[in-house]
Every structure is written in structure tokens, then in C-alpha cells.
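Participant: The numbering used here numbers the first residue of the sequence shown as 6 and each following residue consecutively.
Where a beta carbon is used, it is the ideal one built from N, C-alpha and C, also for glycine.
Attaching a single structure in C-alpha cells format; questions to follow.
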Amino acid sequence: MIDFKTYDEQIAILKERDLIIENESAAIDFIAANNYYNVINAYKSAFIKTGVTPETFSEGTTFSDIISLYAFDKHIRLIFSEYLIEVERTFKSVVAYEFSKAHPCHDLDYTNINNFDILNEPIESSKLTTGLYNRLQGEQLSGNKMICHYIKNYAGRVPLWVFSNVMSFGTVSKFFMCMKEIDKRSVAKNLSSLLQKNVQFNDISNSIKILVLLRNKAAHDQRIYDFSSERLVVSHNNALLQSYQITKPKNDLFGAIGCMYDFMDQDLFEHFKVLIKDAVKKLQQTVNNTVAQKIMTATGIPKSFFKKQQKGGDAK
């Protein structure tokens, strides 16, 4: 649907494709408020007959079915966004602590390229330190009270544990990637102690990149139930994947959940898991079993994920 179509024409197209519209007026209102592309094009794949031209909805598919999937995806986006903020907060805190401990001058050490892995990441380290310096200047010019306070009262020094508060998740991901190996190992050791898990330093960069990608999609109202991290895959050695006997690398939503597991303590993860379980249960009550199974297959989440685990069953 490239040419402009009125709401009535959009509804007519859906009916021609065998979608059941229970209440045309309500359907038009929903499309008007949420955009045809964001509702229909984004979520129709779970309801389309395979191998049929022109595109046709499976028998019995209703507009309400599409709304149910749309609502489910919106619901889990909010859940993931909330808990990814927790992951980001913990990761930022540990990275800032370990980097500052290793480089204790606090005289803008994070803008000094020599404090990063210039042997293996020379270009990225240069981009990072230049970008951080420019960001610091920008925050000062914009009148950021926190930054200006430290510049004024501490001879221009803004320690990383302060500056990290204005760094995005993506920037912190790049920061870790450019850190020296000894500092990365310290971050992994700190996280392992804090979360009571075995966090491997050589897995962190990949996991955080995946979570940044997921966070960006969730933050920009993009579909995530069938999330794919594309070429970034989660190893089957991931602690959560191992606990569910998954023997192949994953790049779907459950792979991302495996990454989140590595940066959350057990209690926080269990709360997150309950919310996802409740969202799935609600979905299953509003669409038929075939569609529900198709959606859950797209997430990559195994059925056993929602069963009560034996003590220590989730942990590696």
C-alpha cells in the first residue's frame, strides 16, 4: 500500500484480504490513533497464509487478533524497557567504578586515549575519547547543573562516576569494548561478585551490544516479540540457555533474555520472568492456540521457561 488510502479504503483492503472486521468504526479509530503501518504491516505476518498470492489472512482471523498481538508486543516492550534500565544502571556503575579505580587521577582520564586498548581498538578508542570530550563540552555549554558543579568546584574535573550519568547505553557499550583487557576482567570480576554469577569478560561486549539493540527497538516502539540480533549471537554456553538445555547459539528474544540474565541478580530476574509469563498468559487468552504457538516460536522462549524451576535450576 504505497499510494495514499483513506481510512475507509484501508478497511476495504483488509476485508478483501479476508480479515474479519468486527466493528469498522472502532477499527478506523484504532488505525487513526496508531497508524496503519505500525499496526497492520508490523503484526500481520503471524496471521497471513503462507504461499498464497495475493496476500490473504488465515481463515477466521479478526482485527481483534491483530490488536491482541499489537497489545502484547507493546506490553512486553514496556517490561523489557524497565528491566533493561536496571541492567544499564548496574553495568554503568561497575564500569565507572573499575575504570576509575584503575585510573585514579580523575582528571578526565576517560578522554585520554592511552587509558584504552589502542593496540586492538585504535580507531574506536580515538572516536570514543573524542566523543566523550565533545559530549562533556556540550553538557557544560547546555548548562547541565551536575557537570557545571564539578567543573566549577573541582578544577574542571568531572569523574567518570558522575559523567557516566549522561552517557547512553550504547556509549557505555563502546566504552567497555575499548577498555584494556585487565580493566575488562576487573569489571567481570566485580559483576560476578555483585550478582553471584560467573560473568565472563569476553562475553560482555557481545551481550551488551545485543541489549543495546533491543533497548533501542523497545524505546522507539519497534516490534520486539520476534526480535533478532542478526549476526550477533548468544552462545549456547550462556548460563540461562544451558539451564534450558539449549544446545545451539541464539539471536532471538530468548537469546537477549539470556544476556539480561547475566546482568541481573536472581530476585530481579525472577520478577522480570513473572511479568513476561503474565503477558504471555494474557496473549494466550485472546488468540487461538495456533497463533499463540506461532508467536511464542518467534520469541524463541521455550515452554519450560514458565515452569517453576528447581532450586538452582536457572543458575549455572
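Asn-256 and Ser-233: beta carbons closer than 9 angstroms?
Facilitator: Taking the sequence shown and counting its residues from 1, one reaches residue 256 at position 251. Taking the sequence shown and counting its residues from 1, one reaches residue 233 at position 228. The answer is yes: Cβ separation under 9 angstroms.
Participant: Measure the C-alpha to C-alpha separation of Glu-1 and Glu-93 and round it to an integer number of angstroms.
Facilitator: This structure cannot speak to residue 1, because the chain is shown only from 6 to 321.
Participant: Less than 9 angstroms between the beta carbons of Arg-228 and Phe-206, yes or no?
Facilitator: By one-based count along the sequence shown, residue 228 stands at place 223. By one-based count along the sequence shown, residue 206 stands at place 201. Not a contact, by the Cβ cut-off of 9 angstroms.
Participant: Rounded to whole angstroms, what is the Cα-Cα separation between Asp-270 and Phe-277?
Facilitator: Position 265 of the sequence shown, counted from the first residue, corresponds to residue 270. Position 272 of the sequence shown, counted from the first residue, corresponds to residue 277. The straight-line gap from Cα to Cα measures roughly 11 angstroms.
Participant: Taking buried to mean at least 16 other C-beta atoms within 10 Å of its own C-beta, is Val-279 buried or exposed?
Facilitator: If you number the sequence shown from 1, residue 279 lands on position 274. Val-279 comes out exposed.
Participant: Under three-state DSSP, which class holds Val-67?
Facilitator: Residue 67 sits at position 62 when you count from the first residue of the sequence shown. Correcting the residue type first, residue 67 is Thr in the shown sequence and not Val. It is a strand residue.
Participant: Assign Glu-103 to one of two classes, buried (16 or more other C-beta atoms within 10 Å of its C-beta) or exposed (fewer than that).
Facilitator: Here residue 103 refers to the residue found at position 98 of the sequence shown. Burial call: buried.
Participant: Just curious, the alpha helix (DSSP H) that Thr-135 is in, first and last residue?
Facilitator: Translated into the one-based positions of the sequence shown, residue 135 becomes position 130. Run containing Thr-135: 127–146, per the alpha helix (DSSP H) assignment.
Participant: Out of curiosity, what's the CA-to-CA distance linking Thr-121 and Phe-77?
Facilitator: Your numbering for residue 121 matches position 116 in the sequence shown. Your numbering for residue 77 matches position 72 in the sequence shown. Reading off the sequence, residue 121 comes out as Phe, not Thr. Taking the straight line joining both Cα atoms gives about 42 angstroms.
Participant: Kindly give me the distance between the Cβ atoms of Phe-274 and Tyr-266, rounded to whole angstroms, as I take these residues to be in contact under 8 angstroms.
Facilitator: Within the sequence shown, the letter at position 269 stands for residue 274. Within the sequence shown, the letter at position 261 stands for residue 266. Confirmed, Cβ separation roughly 6 angstroms.
Participant: Distance check for Pro-127 and Met-184, CA to CA, integer angstroms please.
Facilitator: For the purposes of this step, residue 184 is identified with residue 179 of the sequence shown, where counting begins at 1. For the purposes of this step, residue 127 is identified with residue 122 of the sequence shown, where counting begins at 1. Going from the Cα of Met-184 to the Cα of Pro-127 covers about 11 angstroms.
Participant: Short of 6 angstroms in beta carbon distance, which residues of its chain neighbour Thr-116, apart from the five on each side in sequence? Order them along the chain.
Facilitator: Numbered from its first residue, the sequence shown carries residue 116 at position 111. Taken in chain order, the residues that qualify are Thr-134, Leu-137, Tyr-138.
Participant: Could you tell me the distance, in whole angstroms, from the CA atom of Asn-125 to the CA atom of Asn-149?
Facilitator: Counted from its first residue, the sequence shown places residue 125 at position 120. Counted from its first residue, the sequence shown places residue 149 at position 144. Whole-angstrom Cα-Cα distance: 34 angstroms.
Participant: When DSSP labels each residue in this structure, what does Met-151 get in the three-state scheme?
Facilitator: Counted from its first residue, the sequence shown places residue 151 at position 146. Correct three-state label for Met-151: helix.
Participant: If distances are taken between C-alpha atoms only, which option among Lys-132, Asp-283, Val-204 comes closest to Lys-179?
Facilitator: The sequence position of residue 179 within the sequence shown is 174, counting from 1. Answer by Cα proximity: Lys-132.
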